[in-house]
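Asker: Position 28 (the sequence shown) corresponds to 106 in my numbering; numbering is contiguous.
All residues carry an ideal CB built from backbone N, CA and C; glycine is no exception.
Predicted model only: the values in this text are computed from it and were never measured.
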Amino acid sequence: MPQPLRVTAAVSKVLAAFLEDPDSDRYGLDLMRTSGHPSGTLYPILLRLQNAGWVETHWEDVDPVVAGRPARRYYRLTPDGVTWARTELAALQAQLGRGLGGAANPRTA
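1. Taking the alpha-carbon positions, what's the Arg-151 to Phe-96 distance?
2. Shortest alpha-carbon distance to Pro-82 belongs to which of Arg-104, Trp-162, Asp-99?
3. Quick one: is Thr-186 buried, meaning 16 or more other Cβ sit within 10 Å of its Cβ, or exposed?
4. So, for Val-85: in the same chain, excluding its five sequence neighbours on each side, which residues have a beta-carbon less than 6 angstroms away from its beta-carbon?
5. Measure from the alpha carbon of Thr-156 to the alpha carbon of each residue in Val-89, Thr-119, Gln-128, then state which is nearest.
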């Protein structure tokens, strides 16, 4: 069963990248480009998501010689991970909206 996870701003970017197409397998470089995180930030987040049960992984079944590159490790949100990600991102968005809604507008002050 997936575990709750502290969703930081960095984690939220990775979750948002997954939610762009939750049924697709994503690999590290693709997620780095989409989230804007370097590998040193992304891979620890992916490991946390995997340990929490939000993400599952598998290695690409490809011959590296034929493909001309190493096999990729693919990541995908689990069905429960999709639910948790949507819930957590909605909560974060609501929290940010409340924070911005209570701020004074500098143009009217």
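Answerer: Working from what's here:
1. Using only the alpha carbons, I get a separation of about 15 angstroms.
2. The candidate whose alpha carbon is nearest that of Pro-82 is Trp-162.
3. Unreliable placement is indicated for Thr-186, whose pLDDT of 48 sits below 50; the coordinate value is still reported in the next sentence. Sixteen is the threshold: since fewer than 16 other Cβ atoms of the shown chains lie within 10 Å of the Cβ of Thr-186, the residue is exposed.
4. The residues are Glu-166.
5. Nearest of Val-89, Thr-119, Gln-128 to Thr-156, Cα basis: Gln-128.
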